[in-house]
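Here is the structure we will look at.
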Amino acid sequence: MVPNEDEIYVCRCEEVTVGDIKRAIAAGARSVRDIKVRTNAGMGVCQGMTCRKNIERMLREAKIDLDVCCTHQRFTVRLLNVNDLTAITNEEGE
Amino acid sequence: MSLTADVIVIGGGVIGSSITYYLSKRGKRVIQLERDYFNSGASGSCDTMISPNTKEPNEHLQLALYSVELYKTLSSELGRDIEYEQKGSLLLIENQEELNIMEGIVKKQNSLGLNSRLISAEETLRLQPGLNRDAIVGASYSEVDADVNPFCLNLAFADRAAALGAQTFTHEGVQEILLHNGAVAGVKTNRNTYYAPIVINAAGAWAPIVGKMVGLNIPIKPRRGQTVITEAVPPFVHKLVNNARYIVGKHHPELLKDDHSAKARMGIAISLVQSRKGNVEFGNSREFVGYDTSNTYECLRELIKNATRIIPGLKDLNIIRTMGGVRPHSPDSKPLIGFVQGVPGFFLAAGHEGDGICLSPVTGKLVSDLIVDGKTDVPAAAGFDPNRFNLF
Ligand SMILES: Cc1cc2nc3c(=O)[nH]c(=O)nc-3n(C[C@H](O)[C@H](O)[C@H](O)COP(=O)(O)OP(=O)(O)OC[C@H]3O[C@@H](n4cnc5c(N)ncnc54)[C@H](O)[C@@H]3O)c2cc1C
Ligand code: FES
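Right under this line is the structure:
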């Protein structure tokens, strides 16, 4: 059985559905970050690794020009333990 | 689509959106223009604190206390949960010298109506377990301090304003301000021309660039803040946690003058909060590096060193991302709010530095009072008049 498309999760980490993204686009969202602010999609533990491509595709399908092909990511792009980062940054500095 | 309005607001941060909402509520027809998306500036890369406790005991504190009152009913007024929660805030005091100065500051805060008080290290630990007992001698505590979700706040203002008839356009940057006989007549964006006799510059750290369009020299400078965000964890941070050192340093700059450490140079503070979803956000810096919002390893190292020294348990958390944004810094750290003398119709509402989230409701109220009534009951409003600086 095909579930109602609007109920499908696009962002599993933050539990954001196709319907949520459609509503954000209807409210004026035009970029991945715009959608992030309205729905929190992309703000979960994986930081958009899973959902970003699908959101970009939905924006393209809604005929919205993406000004960037690849949304800029800040580090960390992988989960990083506070203690480990302390160790890495110490090596860099000392 | 109507291209004329009573007021045009430039900027889609919390300040621009709050102003748009309060003006719409007073029946003004408003056009709000944001060159990127809502929260693309400082309002989308900040902490969540509504903290009168961190304010200097002057007009600034009075303004913050007024905002605190407005916040109490804001969720219901805007018809949306903005995740406002009164948690109370701690300013951690690390040595006797800081304690002596904080005694004086707390007295002054009390006389202006903030019920802050000094508490022992033991009581501090009871309020916020997990603090390193050896790192503190006590704290000042204020109960009315709260936090809020800035994303929800900004969109709640903007969406409510739109429901009241405001026209909000994102991805539309103002490129030119139209003058007629020296007075403001409208603005030109990358798409359209809009007309209104009043234009409000609420462009945050970019306010000087907008000011240049009418020949002004607005003394606001971008001041970067970097932050670290962890994955969601069970309740761990119960209070808003800050270092007293920051407010102490404002009163006694000589105390920080001889401190040439990387920490002092980058203005590192703990600024610890936990969101409703459970993400812990900590650390923030104060750096003058132009409009560069990137993260640097050097700063993150100092943020983490400072934070884990104070709350060792942070070491066990996993970071999901880092963040950087530019606060609109004003030379006397007070925002500039009012009509600019010499350019009729040009209104400035920017320079909220590290307090824009806290001060957004009162700023919207103050601006709408000044524009609709020509006067206001907001205390100490005259202290924020932009004409205190030479703007030409
Ligand atoms: C790390 C950090 C932590 C912070 N923590 C707190 C806190 O806990 N509590 C608190 O109260 N405050 C905090 N602040 C401060 C707060 O974020 C700011 O004071 C507030 O967001 C300023 O809001 P604003 O609307 O003036 O500016 P912004 O949010 O920067 O909005 C200005 C907007 O104007 C737009 N713009 C610029 N030029 C144009 C143009 N030509 N045309 C159209 N639009 C234009 C920009 O794109 C931007 O969206 C923090 C800031 C930082 C950086
Ligand atoms: S799936 Fe969207 S942040 Fe992980």
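Respectively, the protein sequence lines represent chains A and B. So the first sequence is numbered by the numbering used here: it starts at 16 and just counts up by one. So the second sequence is numbered by the numbering used here: it starts at -17 and just counts up by one. Just so it is clear, CB atoms sit at the ideal spot from N, CA and C, and this is done for glycine as well. Predicted model, so just to flag it, every value in this text is computed and none were measured.
Worksheet item: Going along the chain, which residues of its own chain have a beta-carbon closer than 7 Å to the beta-carbon of A/VAL83, five neighbours each way excluded?
Response: At A/VAL83, the pLDDT of 49 sits below 50, so the modelled position is not reliable and the matter cannot be decided from this model.
Worksheet item: Mind pulling the alpha helix (DSSP H) runs of 4 or more residues that sit fully within the region 105 to 146 of chain B?
Response: 132 to 145
Item to complete: Using three-state DSSP, classify B/SER6 as helix, strand or coil.
Response: helix
Worksheet item: What whole-angstrom Cβ distance do B/LEU135 and B/SER342 have, given they're in contact under 8 Å?
Response: 7 Å
Fill in: Bounding residues of the beta strand (DSSP E) (the contiguous stretch that carries A/CYS61)
Neither: A/CYS61 is in no beta strand (DSSP E) and is coded neither H nor E.
Worksheet item: Does the Cβ-Cβ distance between B/ASN300 and B/THR212 come in under 9 Å?
Response: yes
Discussion item. Against chain B, with Cβ distances strictly below 9 Å, would A/ALA44 count as a contact?
Written reply: yes
Worksheet item: Taking only beta-carbon atoms, is A/ASN69 less than 9 Å away from chain B?
Response: no
Fill in: Partner residues on chain A for B/GLY26, Cβ-Cβ distance less than 7 Å
VAL52
Worksheet item: Roughly how many whole angstroms lie between the Cα atoms of B/SER243 and B/GLY249?
Response: 10 Å
Worksheet item: Mind checking if A/GLY94 is an interface residue toward chain B, Cβ cutoff 9 Å exclusive?
Response: Gly is not the amino acid found at residue 94 of chain A; the sequence shown has Leu there. Taking Cβ atoms only, chain B reaches closer than 9 Å to A/LEU94, which makes this a yes.
Practice prompt. Check each residue of the region 25 to 44 of chain A: if its Cβ is closer than 8 Å to any Cβ of chain B, include it; give the result in chain order.
Written response: ALA42, GLY43, ALA44
Item to complete: Determine the closest residue to B/LEU73 out of B/GLU67, B/PHE328, B/VAL88, B/ARG62, with distance taken between C-alpha atoms.
Response: B/VAL88
Fill in: Beta-carbon spacing of A/SER46, A/ILE79 below 9 Å
yes
Fill in: Alpha-carbon spacing of B/PRO361 relative to B/LEU96, whole angstroms
14 Å
Worksheet item: I think B/GLU284 touches B/LYS245, with their Cβ atoms under 8 Å apart; what is that distance to the nearest whole Å?
Response: 5 Å
Worksheet item: If you count every other CB in all the chains shown that lies within 10 Å of the CB of B/LEU(-15), and 16 or more means buried, which is it?
Response: exposed
Fill in: C-alpha distance - B/CYS28 paired with B/VAL(-9), whole-angstrom precision
22 Å
Worksheet item: Does B/GLU305 come within less than 9 Å of chain A when only Cβ atoms are used?
Response: Per the sequence presented here, residue 305 of chain B reads as Met, with Glu not at that position. Answer yes: the Cβ-Cβ gap between B/MET305 and chain A drops below 9 Å somewhere.
Fill in: Burial state of B/TYR375, where buried means 16 or more other Cβ atoms lie within 10 Å
Residue 375 of chain B lies beyond the range of chain B shown here (-17 to 374); nothing can be said about it.
Worksheet item: Is DSSP giving B/HIS242 helix, strand or coil here?
Response: coil
Item to complete: With a 10 Å radius around its C-beta and 16 neighbouring C-beta atoms as the bar for buried, classify B/GLY346 as buried or exposed.
Response: buried
Worksheet item: Is the beta carbon of B/LEU52 within less than 8 Å of some heavy atom of ligand 1?
Response: no
Worksheet item: List, in order along the chain, the chain B residues whose C-beta lies closer than 7 Å to that of A/VAL47?
Response: Within 7 Å Cβ-Cβ: nothing; A/VAL47 doesn't reach chain B, min ~10 Å.
Discussion item. Rounding to the nearest angstrom, what Cα-Cα distance links B/ALA144 and A/GLY57 in this structure?
Written reply: 26 Å
Worksheet item: What is the rounded straight-line gap between the Cα of A/ASN98 and the Cα of B/GLY295?
Response: 10 Å
Practice prompt. Look up B/TYR19 in the DSSP assignment and say whether it is helix, strand or coil.
Written response: coil
Worksheet entry | Cutoff 7 Å; reference A/GLY34; Cβ partners in own chain excluding five residues on either side | ASP21, GLU22
Discussion item. Do B/LEU222 and B/MET84 have their beta-carbon atoms positioned less than 9 Å apart in this structure?
Written reply: no
Worksheet entry | Residues that B/HIS153 contacts on chain A, provided the C-beta gap is smaller than 7 Å | ARG45
Worksheet item: Taking 8 Å as the cut-off, does the CB of A/GLN62 come closer than this to any heavy atom belonging to ligand 2?
Response: yes
Worksheet entry | Start and end residues, beta strand (DSSP E) containing A/CYS26 | 24 to 26
Practice prompt. Find the residues of chain B that neighbour A/THR101, judging by a C-beta separation of less than 8 Å, and give them in chain order.
Written response: ARG283, ILE286, LYS287, THR290, LYS297
Fill in: Under 8 Å by beta carbon: chain A residues contacting B/ILE301
THR91, LEU94, LEU95, ASN96, VAL97, LEU100
Worksheet item: Which residues share a DSSP beta bridge with B/HIS162?
Response: B/ALA165
Worksheet item: Where does B/ARG205 sit, in a helix, a strand or coil, going by DSSP?
Response: strand
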